[in-house]
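Residue numbers (UniProt numbering): 1 to 665.
Positions of the beta carbon are idealized from the N, C-alpha and C atoms, including for glycine.
First up is the structure itself, then whatever we jot down about it.
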């Protein structure tokens, strides 16, 4: 018995149009066939029905899971016919595709063939052999929807159910229930809107009303109420209702002609144009109102000689003959207008000469000598003017002279001082006024002055308006007075490179690393020997027990010290550089005598040592007796012998490392 499927083409065609408006139908590929069948086509009571799904329910991206179960639902007429109609509209081939199955392919071809769209109730006959034809997807467990309420996917080992957007899967893994986006916060309602949950989705509803003259639509927007269409207006029978946004207005049915206006009762009354703010008639004319219009009438009065009609044309006014471009009076005269005429008088600054009957210029500077101008007076035709000498300017009255502030025009290159009748230029510190023009300031080269050599301790560089001092580098830095050079103590600043077994000694402009060790039978002491301006290392004799030679040696201490000296600019007398103080006060004559001597290192006899008594102490003073130009280095060996009865009882040795800098500071 052949199976007969009645295709409701009208329903499928309507479904196709609605789906096209949402851009669901593209090419009839396999993946969306199942989607259309699942969400769109269903059977109720054995007849094909359509459900158009909007918004988030429409699939947007193909997934492999959505291709499962295509053939299990391919026999439904609206689905198969819909594919055929889409192929026919897009101009594709109507030959059935093997991917959609044989049975569905028959319906697909019937709806695709040209001319089938207009048939209201086409009947497609399928033979029993075609019905029994093997379906490759016959054994799909998701066939007919499977156990799932919405989406079903057969993985081979199991059946997996899933839900559409806006639903969530229950704990039984089969049933889908609506998701309340308003509670979960997954809505996008804005300020002033309330979220209202719907099945599978939600909607946003306004919290406030739209106001008078508007109503809220289903899509949550305010729409104007047409009172004229709804009959809620209050216009009279002689008026026409015209709708406006949020309201309406009543327009009269009767239209008045030009020159008339409609009153509140709808009657046409005349407009008095002559009473309007803007006069309709030109100047010099009178407005006369008429029924529906007006007229302009000119009133021309008769004026005598020397008079003419005014602009309004209402009265006669005097003619100003003196304002004529034609000169009515001669030179030196002034035209004076009078009612209906004019006369010629001498100008101010002129007098009438009776013989020549002309106007002659008055020389005010000669006639009023010394009384018109403060400085200088110059006569002009009919007048005079005052002028001032250099350094003054004319005051507001034009007669007196006041001091001119020349400094306002910046005549000087630097500073300007205004004085009465003149000005004086002066310069800032570091500049001097030019002897040529007296206004230009020239830089003073402080370094080239006779005292320039004493401005800076090392080197002077002239800069505009000042000077700069510099110091030798490295080893020196500029002092706070920006003139003198100060030695940098590398030993204190720990910027030296001495080894751990060396001692750093600071000298002028540099440092020295010296390894000073005590000789045998001596030990290093932290005490000093009282040397001034020196760094000292002191070694004290420490003999081993039973060392007779050590004990008999008169040398008691050996000291090492370093002293740094400048190169003296002007060497006119000996310079005292080292002071050796005895450890005992001055002794009586029968006690030991102290003898100082330089035994080694006195190059060119540049140094000597003398004995002096100071504050009850015996002091050995080492002096520089000859000029030394640095850099210079010498090691002086100084001996301080204690002699008793011509025999040296003990001796102290001081080794002095003298460093002379090449600079005088």
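Item                                                                                                      : Value
Given 8 Å, three or more beta-carbon pairs between the stretch 447-459 and the stretch 413-426            : no
Buried versus exposed, by CB contacts within 10 Å (16 or more), residue 500                               : exposed
Sufficient close CB pairs (3 or more, under 8 Å) joining the stretch 641-656 to the stretch 552-565       : yes
Coarse secondary structure for residue 615, derived from DSSP in three states                             : coil
Residues bridged to residue 379 [DSSP beta-bridge criterion]                                              : 384
Rounded straight-line distance, which links the Cα of residue 160 to that of residue 122                  : Below a pLDDT of 50, predicted positions are generally treated as unreliable, and residue 122, at 44, falls in that range; the measurement from the model is reported next regardless. Each residue's Cα considered, the two are about 38 Å apart.
Residue 381 versus residue 341 - alpha carbon distance                                                    : 28 Å
Any 3 or more C-beta pairs closer than 8 Å across the stretch 462-477 and the stretch 493-512             : yes
Inside the stretch 602-650 only - beta strand (DSSP E) runs reaching at least 3 residues                  : 607-614, 617-624, 632-644
Assigned secondary structure, residue 666 (DSSP; H/G/I helix, E/B strand, else coil)                      : In the structure displayed, the chain extends from 1 to 665; residue 666 sits before or after that span and is not available.
Contiguous alpha helix (DSSP H) assignments of at least 4 residues, all confined to the stretch 459-543   : 490-493
Closest Cα partner of residue 603 within the set 281, 635, 546                                            : 635
Three-way DSSP call (helix, strand, coil) for residue 286 in this model                                   : strand
Local conformation of residue 665 per DSSP, three classes                                                 : coil
Cα-Cα separation, residue 141 to residue 172                                                              : 18 Å
Endpoints, alpha helix (DSSP H) assigned at residue 552                                                   : 548-552
Status (buried if at least 16 other CB within 10 Å, exposed otherwise) for residue 559                    : buried
Alpha-carbon spacing of residue 219 relative to residue 163, whole angstroms                              : 26 Å
Rounded separation between residue 321 and residue 337 - CA only                                          : 7 Å
Residues that residue 252 bridges to, as DSSP identifies them                                             : 239
For residue 252, the nearest candidate out of 262, 215, 330, 339 (CA to CA)                               : 262
Unbroken alpha helix (DSSP H) run spanning residue 366, endpoints                                         : 364-367
Helix, strand or coil at residue 223 according to DSSP, with G and I counted as helix                     : strand
Reference residue 571; option with closest CA among 194, 348, 628                                         : 628
Residue 422 in three-state terms, based on DSSP                                                           : strand
Neighbourhood of residue 633 by C-beta, 6 Å cutoff - its chain only, sequence neighbours within 5 removed : 659
Any 3 or more C-beta pairs closer than 8 Å across the stretch 179-186 and the stretch 205-222             : no
Status (buried if at least 16 other CB within 10 Å, exposed otherwise) for residue 40                     : Since pLDDT at residue 40 reaches only 40, below the 50 mark, its modelled position is unreliable, and the value read off the structure follows with that caveat. Buried, because 16 or more other Cβ atoms sit within 10 Å of the Cβ of residue 40.
Residue 80 versus residue 193 - alpha carbon distance                                                     : 43 Å
CB of residue 82 within 7 Å of CB of residue 108, strictly                                                : no
Residue range of the unbroken beta strand (DSSP E) whose run includes residue 594                         : 593-600
Contact under 7 Å by Cβ, residue 649 with residue 592                                                     : yes
Residue 455 - DSSP class collapsed to helix/strand/coil                                                   : coil
Paired residues, beta bridge with residue 170 - DSSP                                                      : Paired residue(s): none; residue 170 is not in a bridge.
Inter-residue spacing [alpha-carbon to alpha-carbon] between residue 314 and residue 257                  : 34 Å
Anticipated Cβ contact below 8 Å, residue 316 with residue 301, distance rounded                          : 6 Å
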